[in-house]
Amino acid sequence: MEERTTLFAYVYGDLAGQIANGTMRNGDTLPSMNDLCKRYGVGIRTIRDVLAALRTDGYIATEERKRAVVTYQVSEADERGIRSLLARKDGILDCYRTFELVMPPLFAFAARFCDDDDFRSFERAASRVGEAPNKGDWRLRQSSALLHRLLGKTGNPLLSECYASIERACTVPTFPGFAAPYAKAMEEMDGTFAWAVDSLALGDAVEVERRFGRMYRETAKYVEAYLAELADAYPDVRSSEPAFAWSARAGRERVYAQVARDLVLRIYNGEFSDGDDLPSIAELADAYGVSPSTVQKTFGILNMIGVVRTVNGRGTRVCLTDISFDRRTLGDGSFRRDVEVFVDALQMLCVVLPAAVGTVSGRMDAVARDVDGLLARDAEEWAVPHALLRALVDCVPLPSFRVVLDELSELLLWGRFFAFFNPGASTEEQRSLGLDGLACVRAGDAEGFALAMVSYYRVLLAAVPAFFERAGASGLKRVVVP
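For what it's worth, this note's numbering labels the leading residue of the sequence shown as 8, then goes sequentially.
Next comes the structure, spelled out in C-alpha cells:
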C-alpha cells in the first residue's frame, strides 16, 4: 500500500489533459483557486503548485489577483485532436447515460436543503442562462455553476466532485467545419434548463428526476450526432479508451487509517479471533508496504477504538470480549474526518442505489450468481450486504456508473467499526435487511432488492450520529438520511 502523495500529479494531469485535448481552449479562463480546491478536494497549496507548473510548462498564463488563462495553442483542425476525441467516443456516451441516471436523484436530494430564497435565486439564474446570447459554451458554464451551487447546499463534497468529474468527461471540444453540439442544443432545447430547475421548488423528487433526466438524455443526442459526424470523417478510428475517471479517495485516505480499517475488516471477518496476536510491526510494515511508524499509528487508532490492546514487550492482541471505546478518539481530528467521509459516501450511495439496481433489473439472475459465488467463500450472515453490493456493482452495464459505485464502496470501510458498537436492535435490523436483500435477488425481485439495500444503508447511516450522541460527543456535521 503506497503513501498517497500523488494529489499534485492527479490535479496537474487532469487540467493539462483538458487543455491538451481541447476541452479548455486558448483564451479560456480556469476556475478560481478556491473553486479548484473544492472541485478536486485538495488544499490551496496544491492548487498553487499545480498552476505554477502549468505556467512553467506553457499551458497557462497567470496574473496576480486574476484567474489563470489558457495560452496553450491547440489547433482545432489538428487531426490528432479529433482522433483523440473519437478514441473516447463510446466512453463519452456512456458518461452521458451515467449523468442521466446519477445526477437527477442527487439534484432532488439537494433540493431538500434549500429554502424559498434559494429556489428563487436558482430560477433567476436559470432564466439568465436561457436569455443570454446564443453562446453554447458560456451558457454551459453558467448552468454548471448553478448546479454546483445546488449540490453545495448538502454539505457533502462528494456530490459536487462526482458531478464535476462526469461533466469533464462529457465535455467535447468543437472543431472547425463541424457544428458545435452545445450551441445547437441550447438553441433547439431553449427553455429546457429553466424548466428543469423550476422543478426543484416543487418538492417532488420524481418530477425533478424526470425533467433533469430528459435534459441530459436530449443533450446526449446532440453530442452523439456530433461524434458520429466526426467518425464519418475519420472512419478508421476505433473507440477504445475510457472517458471517465473519479478518484474520490484522493486526499481523503491517510495510510495508517487505511491499514487500520483493513485490519478491522480482517478481525470482523474472523481472520484474527479474540485473543489472537496481530502480526508484529515489522511484519505488517512489510505486508502493507508502509513504514514502521505508520503501523505504530495504526496500532494507536486500533487501541483507541478498543478492538486491540498493545502491551509493551508483548505485542498487540485482539480483545473482542472486553471491547471498549476510548472516547478520546472522538477528539482526534483525523478519526472524525474519516467518519465524515464515511457518512458522505454512505449518504450518496443511498441516493444513487435505486438507479444502479434499475440498470440490472433484467439481469437479476447474473447478480444472484455473483452473490452466491461470493458467499460460497464467506458464508457469514454479515458478509451478505457486502456481497450484494459487490455483485451489483460488477453487473452494472455502464463502466462510468461502476466507477462511481466502486469509489463510494471503497470509502465505506468504517462500517465494520460501527458494527462493533451499534446497539442490538439496530444491528439486528441491519442483519434482517441484508437477508431480505439476498432473498429478493434470488427471487429476481429488483424492486424489493433496491428497497432492502437502501434501507440497510439508511439504518447504518442513522447509526453514526446515534453513536456519537451516546458517546457524549458533539461536532459531527448534521447527518441527513435520504
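Every residue, glycine too, gets a C-beta built ideally from N, C-alpha and C.
DSSP beta-bridge partners of residue i
| i | result |
| --- | --- |
| Gly322 | Val318 |
| Thr78 | None; Thr78 has no bridge partner. |
| Ala68 | Val76 |
| Thr178 | According to DSSP, which records beta bridges pairwise, Thr178 is partnered with nothing at all. |
| Asp490 | Any property of residue 490 remains undetermined from this structure, which presents the chain solely from 8 to 489. |
| Thr36 | Val76 |
Inter-residue Cα distance where the pair is residue i and residue j
| i | j | result |
| --- | --- | --- |
| Glu195 | Tyr223 | 14 Å |
| Gly48 | Tyr17 | 11 Å |
| Asp372 | Arg449 | 7 Å |
| Asp443 | Ala459 | 6 Å |
| Ala187 | Ser39 | 26 Å |
| Val346 | Tyr295 | 22 Å |
| Glu10 | Val262 | Here the model assigns Glu10 a pLDDT of 34, short of 50, so the residue's position is not dependable, and the following value carries that caveat. Cα to Cα, Glu10 sits roughly 6 Å from Val262. |
| Thr105 | Phe408 | 6 Å |
| Ala115 | Phe129 | 14 Å |
| Cys357 | Ala240 | 43 Å |
| Tyr170 | His155 | 8 Å |
| Gly98 | Gly24 | 16 Å |
| Val57 | Met31 | 16 Å |
| Val486 | Ser91 | 43 Å |
| Val348 | Arg268 | 13 Å |
| Asn310 | Leu113 | 38 Å |
| Arg343 | Ser300 | 21 Å |
| Gly210 | Val466 | 24 Å |
| Leu415 | His393 | 13 Å |
| Val77 | Asp42 | 17 Å |
| Glu83 | Ile312 | A caution first: Glu83 carries a pLDDT of 47, below 50, which makes its placement in the model unreliable, though a value can still be read off. About 57 Å. |
| Ala203 | Arg131 | 13 Å |
| Met355 | Asn319 | 42 Å |
| Gly282 | Asp401 | 36 Å |
| Phe3 | Leu153 | The displayed coordinates of the chain run from 8 to 489. Any statement about residue 3 would go beyond what the structure contains. |
Residue range of the unbroken alpha helix (DSSP H) whose run includes residue i
| i | result |
| --- | --- |
| Ala212 | Ala212 to Ala240 |
| Thr161 | Taken as a continuous stretch (DSSP letters only), Thr161 belongs to no alpha helix (DSSP H), as it is neither H nor E. |
| Pro299 | Pro299 to Ile312 |
| Gly88 | Glu86 to Ala94 |
| Trp202 | Thr199 to Asp205 |
| Asp372 | Met371 to Arg384 |
| Gly50 | Counting along the chain, Gly50 falls outside any alpha helix (DSSP H), and DSSP gives it neither H nor E. |
| Ala252 | Looking at the DSSP string, Ala252 is not in any alpha helix (DSSP H), and its letter there is neither H nor E. |
| Cys121 | No alpha helix (DSSP H) holds Cys121; DSSP gives it neither H nor E. |
| Pro1 | No information on residue 1 is available, as it lies outside the stretch 8 to 489 that the chain covers here. |
| Ala208 | Per DSSP, Ala208 belongs to no alpha helix (DSSP H) and is neither H nor E. |
| Ser407 | Pro406 to Glu417 |
| Asp401 | Val391 to Cys402 |
| Phe15 | Leu14 to Ala27 |
| Val266 | Val262 to Tyr275 |
9 Å Cβ cutoff met for residue i and residue j
| i | j | result |
| --- | --- | --- |
| Leu285 | Val325 | yes |
| Arg370 | Pro404 | yes |
| Val367 | Ala446 | no |
| Ala118 | Val215 | yes |
| Val109 | Ile67 | no |
| Glu248 | Ala94 | yes |
| Ala375 | Gly451 | yes |
| Thr305 | Ala264 | yes |
| Phe126 | Ala208 | yes |
| Val364 | Leu418 | no |
| Ala190 | Ala255 | no |
| Leu395 | Leu412 | no |
| Cys102 | Phe251 | yes |
| Arg74 | Leu37 | yes |
| Val266 | Tyr233 | no |
| Thr69 | Arg62 | yes |
| Leu468 | Val378 | no |
| Lys96 | Ala201 | no |
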